[in-house]
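**Student:**
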Amino acid sequence: MSEKKTVDPTNIQKKVVERLQKSAADLIPWFYSDMPEYYFLTHGEEEQITHVMALLSGMVRKEKQSLALHSPCGTKVTHITPGGDMNALAGVLKRYQDKDIEIARVYSSHDDSLRLDTFVFGPQPLCSLDAQSVKNVMGMVQDGTVELGSENVGDFRNFLGSVSEDYIEKFEPGRVLRHFRTCGCVENQERVQILLEKDVHPGFDRISVAMANPPRTSLLLRVVNVFARENIPVDRAYSDQFERGENAPVAIMSFYLDKERIDLDESSKKWLRLKRQLEMTKWFAPHGLEALAYEEGWELEQVMLMQAAGEFAHQFLIKKDLHAYTSSRIVYVILKHRDVAQKLFDYFETRFNPAFVGDREAVMAEKRMIARAAIRDVGNSIHRDILTYIYKFFRYTLRTNYYLEHKLGLSFRLDPLILAPMPREERPFGVYCFHGPYSFAFQVRYRDTARGGVRVVRTWSQEEFEMESNRLFDEVTKLASAQQFKNKDIPEGGSKAVILLGPEGDIDLAVKSMVDSFLDLLVIPEGVDGFVQPGIVDYLGREEIIFLGPDENITPNHIRWIAARAELRGYKWPSAFMSSKPGAGIAHKEYGVTSEGVIVFADELLRTLGIDPDNESFTVKITGGPAGDVASNVMRFLMRDYGENAKIVAMTDGHGAAYDPDGMDHAELLRLMDGNFKASHFDKSKLTGEGAFVVSTDEPEGTRIRNTLHNTAVADIFIPSGGRPDTINMSNWKEFLQKDGTPSARGLVEGANIFISAEARAEMEKAGVLAVPGPSANKTGVICSSYEILAGLILSEEEFLEIKDEYVAQLIDILRDRARSEARVLMREFKLAGGKRTITQLSFELSESINSLADRVAEVLNDSVDRVADDPQLVEVLLSYCPAVFAEKYRDRIVNDIPRGHQLALLASFVSAKMLYQEGMGWADHLVELRDIRDVFFNYLDQDKIVDGLLDEVRKAGLEHADLIVDILENSGRKKLTLNKLGLG
């Protein structure tokens, strides 16, 4: 039995009290003399006592311990830490990088021995306008305690409805009024407002940081890091975020500086350097290369530049060795060879700094030589490759917005020579590269005048981001190339922009960063001599006109913002910059413009397979689901055009899948489409076939079934209308075959771009699939956007809305006609080839022939036509391209106001496509080898007009065999007359 020790609690209590009393005697006078005065104004007596007791029990000052006081609900925490500088605060904030800090109150003791920082995490409940606290504040407004003009009273009351109860509890009239007015100043601004306000309190200056639409996480940490790196001592600071209902949320931060410790001047280099970096905090994402700022004194913009260069290098080196050139390895190499990185930056600065004085070319050559010599001296070949690609990135940049003020991200116009040794004929016409917050993007185009969509690829983990980043440039290039083939019917060549968004990224900020930095390089201010705005050194030397459209993850709000931003920034053709604008645009999903063409190709393909869809039933399987743009309208139009003959047996989307071998219930499908529901919402009671099912990706087995149903379901045709690129690829294409080796669908119409890799498609065709590739099958979406752009070049929003209904109705007829013209020539040529050439091969050959002919025709027109308006023949062709209501009402503007380059490209593509569709493949190609292309072009136009007249005569004559004569004239009349005219008949 052990001896029991006796302890006198009273004695222990006495000793603890004595020690606490002694500590309190030292601490409390210090606390009340050294903590900032405002701490006591914003914290009540109970809070002060709590903090003092925590300091006493936590031994913060003597033992340098840190402690955290958490509220019971977990939405509020106060950190008391030794050390008063901003580095100590940054250390605390790193713990909450994934938290939405709605309110922060941070204080440093005057002797820098202690920090006391309180954070309130969102979302916090907002004050009710009927709350007594709000009524009390409004009473202060009425009695003049809060000085506010009568015209602002309503807005101020609404502002109080956007603040939290904690904010009202700490109410201070001057601060609240300042916040109210600041919200009004920044709510329509994307840039960050940075102000240095002198002597706001005796002996104190204030730096305020305010922005609309702030990042939801880590913003305060980014800002504090800047203050820490720049050694700016902060006495106290406050951060507040305001959720403002329908208005944009606003973040406001105030940092108070003791003038005895630091007295900044607005013209000083130190302030300007600090301001530049604070302005970028909204658009900068924490990154490993930030070590260059901490340890080498680099500014945030320099860090972002090296991030962009490293990301670019990653895109191309990853093809050389997947494991040697990872993103983390590139960061490591840059940090290891910072001396080389500095030399590379010196070269970049000499090349692009608009403030450079002296012989730029000579100094640039010297800096280039120094940088390349430093790279050669690096012993490790992998490191050398990485640094070489960073050099190439700087060397082949032709324009950048790096030296502009108030930018929202970084943008670079690259010379396609950077893609060598890629053959010249395969290189794109232009490449743009963008770096934004947690995002990286490319825009690639294959013609000077080009258009294509902007898509955002979202990622949800770092592993997924790394995987997607490995193929980003390949994806955007493939999409742009496919678009180039697809755009054969319109004046614009093919382009595509893809934004890769990291798991912590904000999609709205990423889109805005990319688009605004794009505009930085496109906008030409009035009165400027040259093709760029001041602050940009230009090695391109010409104007570039860009047209964009929406693609995956681009919302109507994004579209509205992009169009409005182009107008605000002074882009020359803002209405044409972004297509599918709500209201004044032609929304693809609303009108089903892409699906209209897909259905036409499906119709012609079914007939080629021996199925008459008007009179026979047929089966279809689809990816994309009832909420997707293309998929929903494909299903809707199948029902519209073929009724019960169209049996949709399988559909998949991101949320699940549905399968019914008897064909899914049409009424139920329409319910899902009308309600914007998902495949997994299909009513199981509506299934009738053996083995029918509905699954959700909420379950692992449902995900597995969803991922394979497009292969396993058997149908006459497969119409992929959604999904990631290369879903079917060389590693899995055989899964599309049945056990007997025959394909699970004989026909394939690609409603979605590059859902199937080119190599896999070729193997499927060998296995018996008749495939219509995307550049043909889904081309009507881009044709529609081109027509929207055409109207936007010369019409105001109000003018377009006046004719929109009629314009769209006529345009849909044009879209069907363009699809039918190509579909019929492809099917005809396929039959004539006797199985020796696939539809895919014919499709790409046809596109290449049209594009090649159009480029040559455009060159001839550019050399020989000063003004289209002066040539009646060309005017007639130009007007015939347009919907009738547009041509009739705005003839003069079409002829005189559309940019000349656009007119010539339109004429060239329209007539070239018409020749190939009407006369078949090979004829025009051969003809331009025998005769001058200008003679061929204009003689064909002449004979086209003659044949149209003959056709009209025959139709009116009432001849017994009029239909046969019309058919002969349509199919061979122009060809015969043109050959005669050229002396080849």
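With the numbering used here as the guide, the letters of the sequence shown map in order to residues 22 to 1006.
Ideal Cβ positions, reconstructed from N, Cα and C, are used throughout, including at glycine.
Bear in mind the structure is a predicted one, so any value in this text is a computation, not a measurement.
Could you check the C-alpha separation between N491 and R745 for me, to the nearest Å?
**Tutor:** If I take the Cα positions, the gap works out to 15 Å.
**Student:** Hey, is the region 874-883 in contact with the region 922-938, meaning 3+ C-beta pairs nearer than 8 Å?
**Tutor:** Cβ pair count under 8 Å is three or more, so yes.
**Student:** Determine the contact status of E786 and T861, defining contact as a CB-CB distance below 8 Å.
**Tutor:** yes
**Student:** As a quick exercise: from S185, S653, V197, pick the residue whose alpha carbon is nearest that of I669.
**Tutor:** S653
**Student:** Using 7 Å as the cut-off, classify the Cβ of H200 as near or not near the heavy atoms of the ligand MG, replying yes or no.
**Tutor:** Judged by which ligands are present, the structure shown has none, so any question about the ligand MG falls away.
**Student:** Could you give the distance in angstroms between the alpha-carbon of M694 and the alpha-carbon of F703?
**Tutor:** 10 Å
**Student:** Tell me the rounded alpha-carbon separation between Y412 and A330.
**Tutor:** 8 Å
**Student:** Specify the secondary structure class of P20 as computed by DSSP and reduced to three states.
**Tutor:** For residue 20 there is no data in the structure shown, the boundaries of the chain being 22 and 1006.
**Student:** Can you give the beta carbon distance from A700 to P647, rounded, assuming they're within the 8 Å contact cut?
**Tutor:** Indeed, because the Cβ distance is near 7 Å, the residues count as touching under 8 Å.
**Student:** Between the region 770-785 and the region 743-758, do at least 3 Cβ pairs fall closer than 8 Å?
**Tutor:** yes
**Student:** Just to confirm the assignment, what range does the alpha helix (DSSP H) spanning K36 have?
**Tutor:** In the DSSP annotation of this structure, the continuous segment of the alpha helix (DSSP H) that includes K36 starts and ends at 30-55.
**Student:** Let me know if Y188 comes out buried or exposed under the rule of 16 or more other beta-carbons within 10 Å of its beta-carbon.
**Tutor:** buried
**Student:** Just the C-alpha distance for V155 and C148, rounded to the nearest angstrom, thanks.
**Tutor:** Cα to Cα, V155 sits roughly 7 Å from C148.
**Student:** Over what stretch of residues does the alpha helix (DSSP H) that includes M672 continue unbroken?
**Tutor:** Looking at the DSSP string, M672 is not in any alpha helix (DSSP H); the run it does join, the beta strand (DSSP E), is 667-674.
**Student:** Just tell me which of Y902, L948, L814 has its CA closest to the CA of S874.
**Tutor:** Here the sequence assigns Leu to residue 874, which means Ser is not the residue at that position. The shortest Cα separation from L874 among Y902, L948, L814 belongs to L948.
**Student:** Measuring alpha carbon to alpha carbon, tell me which of S402, G430, K800 ends up nearest A306.
**Tutor:** G430
**Student:** Quick one: grab the DSSP three-state call for M22.
**Tutor:** Low local confidence applies: a pLDDT of 48 at M22 is under 50, so the model's placement there is unreliable, and no value is given.
**Student:** Tell me P103's beta-bridge partners as DSSP assigns them.
**Tutor:** L135
**Student:** For V28, count the other beta carbons within 10 Å of its own beta carbon; 16 or more makes it buried, fewer makes it exposed. Which is it?
**Tutor:** exposed
**Student:** Quick one: what's H335 bridged to in DSSP?
**Tutor:** Looking at the DSSP assignment, H335 forms no beta bridge with any residue, so it has no partner.
**Student:** Counting C-beta neighbours from all protein chains within 10 Å, is the total for N732 16 or more, i.e. buried, or is it exposed?
**Tutor:** buried
**Student:** For I124, name the three-state secondary structure that DSSP assigns.
**Tutor:** strand
**Student:** Please report the Cβ distance between M848 and E625, rounded to the nearest whole angstrom; I am assuming they are in contact, meaning their Cβ atoms lie under 8 Å.
**Tutor:** 5 Å
**Student:** Reducing DSSP to helix, strand and coil, say where T999 ends up.
**Tutor:** In the three-state DSSP reduction, T999 falls in the helix class (H, G or I).
**Student:** May I ask you to list the residues that DSSP assigns as paired with I749?
**Tutor:** I777
**Student:** To test your reading of the DSSP string, which unbroken beta strand (DSSP E) runs of 3 or more residues are found completely within the region 165-229?
**Tutor:** 214-222
**Student:** Is it buried or exposed for C454, if we count other Cβ within 10 angstroms and need 16 for buried?
**Tutor:** buried
**Student:** Is it a yes or a no for the region 889-906 touching the region 916-923, going by three-plus beta-carbon pairs under 8 Å?
**Tutor:** yes
**Student:** From this set, K507, A462, P524, S349, which residue's C-alpha is nearest R479's C-alpha?
**Tutor:** P524
**Student:** Whole angstroms are fine: how far does the CA of W481 sit from the CA of L343?
**Tutor:** 21 Å
**Student:** Going by beta-carbon coordinates alone, are V18 and L310 separated by less than 8 Å?
**Tutor:** Limits of the chain in this structure are 22 at one end and 1006 at the other, which puts residue 18 out of reach.
**Student:** Which of the three DSSP states is assigned to H702 in this structure?
**Tutor:** Three-state DSSP puts H702 in a helix.
**Student:** Where does Q504 fall in DSSP's three states?
**Tutor:** Q504: helix per DSSP, three-state reduction.
**Student:** Check the DSSP bridge columns for I273 and list the partner residues they point to.
**Tutor:** A231, D261
**Student:** Quick one: what's got a C-beta closer than 7 Å to D529's C-beta in the same chain, skipping five residues either side?
**Tutor:** N234
**Student:** Find out if the Cβ-Cβ distance for the pair Y410, A334 is shorter than 8 Å.
**Tutor:** Less than 8 Å separates the beta-carbon of Y410 from that of A334.
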